[in-house]
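Numbering (this note's numbering), first residue to last: 557 to 912.
In C-alpha cells, the structure reads:
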C-alpha cells in the first residue's frame with residue numbers, strides 16, 4: 557500500500573475525477589448536512605416557534621368548540637379529533653419542515669452538485685473481504701472519524717458546561733419569577749445553548765468535509781504511467797491521429813489546388829513558407845491571402861503556381877510575417893501594404909496589367 561502511494565505522485569486528471577464522481581466516489585459529509593439542518597431548525601423555531609404554537613392552539617380550540625356546539629361528544633369522535641389535530645399541526649409546522657428540507661438539499665448539492673447514479677447501489681463483494689475489513693481498522697480515515705467523534709463529545713460537553721456555568725445565576729433567579737417571564741427567560745437560555753452547540757457541530761463537520769475532500773484527492777492520485785495512458789485515451793490512438801492528420805492534409809491540398817491557380821502572386825521565403833495573394837480592387841480593400849503553407853505544403857503551392865503560370869516572388873521576411881499573422885481568407889494588415897504593393901506592381905508590369 558505504501559509503495560502504491562509512493563508511485564501515485566500525480567494529481568488526478570479532470571477525466572479521472574469525473575469517472576470517480578459518476579461511480580459515486582464523492583466527498584460528502586452527512587454530519588455537515590445534519591449540523592446545518594439542526595442549526596436551521598433552531599433558528600426557525602426561535603423565529604417562528606411561538607407563532608406556530610399560538611396558531612396551532614387557536615385553530616385547535618376553535619375547531620373543538622365548533623364540534624362541541626354542533627353535536628354532543630361521542631366515543632367515536634377520537635379519530636376525528638386526531639385527524640383535525642394532525643391537519644392543524646401539518647398546516648402550522650409545514651413551512652418549517654419544508655424549510656429544513658430545502659436546507660438539507662442545498663447543503664447536499666453544495667457538497668456533491670447534481671449527481672444521479674445507481675453505481676453505489678450495485679453489489680460489490682470486495683467490501684465483504686476480511687482482509688479489507690482488517691485494513692479498514694487501521695485506516696487513516698477510520699482513525700480520523702474516531703478522533704472526530706471523541707472531539708465532538710468532548711467539545712459539546714465543554715461548551716455546554718461553560719454556557720450553563722455562565723448562565724447559572726440566571727437559572728437560579730428563574731425560581732423567583734412568575735410563569736410568563738420564566739418561560740421567556742428559559743426559552744432564551746435554551747436557545748443560546750442550542751445555538752452555540754449547533755455552530756460547534758457545523759464547524760466540526762466543515763473540518764471533516766475538508767478532510768474528506770483532501771483524502772479523496774489523495775486516493776485518486778495517479779502514477780505517471782496512468783497519466784500517459786489517460787492522455788492517449790483522450791487524444792485517441794496514434795494511428796487514428798495519423799489518419800486524421802492525413803485526411804486534413806488531403807483536404808488542405810484540395811483547397812490549395814483550387815485557390816492557388818487564381819492567385820496574383822506567390823510570396824516565398826524561399827523554401828519553408830509560401831503565401832498566395834490575390835487582389836481585386838472592386839471587391840477587396842486590400843490584398844487577401846488565398847492559400848499558405850509551410851514545408852511540404854509550401855512546396856506544393858509553388859508547384860501549383862508554376863503549373864498555372866502564377867508568378868513566384870522571394871521575400872523572406874514578408875512571407876514569414878504574413879504566414880504567422882494572417883489566416884487564409886483574411887486581408888493583409890496595413891504594415892505589409894507597402895511591400896505587397898511593390899510586389900503586385902512588379903507582377904502587373906510583367907503581365908501587362910494595370911495596378912490599382
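Quick reminder that beta carbons are idealized off the backbone N, C-alpha and C, glycines included.
query: Give a yes or no on whether the C-beta atoms belonging to residue 857 and residue 822 are separated by under 8 Å.; result: yes
query: Mind checking residue 681: buried by the 16 CB within 10 Å criterion, or exposed?; result: Because residue 681 sits at a pLDDT of 49, beneath the cut-off of 50, its placement in the model cannot be relied upon, and the following sentence gives the value as read from the coordinates. Exposed is the call here.
query: What are the residues that DSSP puts in a beta bridge with residue 870?; result: 824
query: Which partner residues does residue 833 have in the DSSP bridge list?; result: 821 and 845
query: Using beta-carbon positions only, say whether residue 850 and residue 816 come within less than 8 Å of one another.; result: no
query: Tell me, please, which residues DSSP counts as bridged to residue 778.; result: 566
query: Step through the CB atoms of chain D and report whether any lies within less than 8 Å of the CB of residue 613.; result: No chain D is present in this structure, which holds just one protein chain.
query: Once DSSP output is grouped into helix, strand and coil, what is the label at residue 785?; result: helix
query: Give the single residue among 899, 831, 783 and 886 whose Cα lies nearest to the Cα of residue 861.; result: 831
query: Considering only the alpha carbon of each residue, which of 590, 570, 582 and 706 lies closest to residue 755?; result: 590
query: Nearest CA to the CA of residue 893: which residue from 566, 708 and 844?; result: 844
query: Give the DSSP bridge partners of residue 850, in chain order.; result: 829
query: Give me the residue from 724, 699 and 757 with the minimum Cα distance to residue 709.; result: 757
query: I need the boundaries of the alpha helix (DSSP H) containing residue 585, first residue and last residue.; result: Run containing residue 585: none; DSSP gives neither H nor E here.
query: Please classify residue 838 as buried or exposed, where buried requires at least 16 other C-beta atoms within 10 Å of its C-beta.; result: exposed
query: Taking residue 854 as the reference, give the member of 568, 778, 879 and 707 with the closest Cα.; result: 879
query: In angstroms with no decimal places, state the Cα-to-Cα distance between residue 902 and residue 885.; result: 23 Å
query: If residue 819 and residue 841 are in contact, beta carbons under 8 Å, what's the gap, nearest whole angstrom?; result: With 8 Å as the limit, residue 819 and residue 841 do not qualify as a contact, their Cβ atoms being about 18 Å apart.
query: DSSP three-state label for residue 574, please.; result: helix
query: What three-state label does DSSP hand residue 883 in the structure shown?; result: coil
query: Compute the distance between the beta-carbons of residue 874 and residue 897, then report whether it is under 8 Å.; result: no
query: Look at residue 773 and residue 568 and say whether their C-beta atoms are less than 8 Å apart.; result: yes
query: How is the alpha helix (DSSP H) around residue 903 delimited, first residue to last?; result: 893 to 907
query: Could you compute how far the alpha carbon of residue 787 sits from the alpha carbon of residue 779?; result: 13 Å
query: Give the straight-line distance between the Cα atoms of residue 599 and residue 751, rounded to the nearest whole angstrom.; result: 8 Å
query: For residue 671, does the three-state DSSP call read helix, strand or coil?; result: coil
query: Take the Cβ of residue 775 as the centre, count every other Cβ of all protein chains shown within 10 Å, and call the residue buried at 16 or more, exposed below.; result: exposed
query: For residue 663 and residue 588, which I take to be in contact (beta-carbon distance under 8 Å), what is that distance rounded to the nearest angstrom?; result: 6 Å
query: When the Cα of residue 762 is compared with those of 592, 573 and 578, which residue comes out closest?; result: 592
query: What is the DSSP secondary structure of residue 864, counted as helix, strand or coil?; result: coil
query: Quick one: what's got a C-beta closer than 7 Å to residue 572's C-beta in the same chain, skipping five residues either side?; result: 776, 778 and 786
query: Rounding to the nearest angstrom, what Cα-Cα distance links residue 659 and residue 783 in this structure?; result: 39 Å
query: Using DSSP with H/G/I as helix, E/B as strand and the rest coil, what is residue 840?; result: coil
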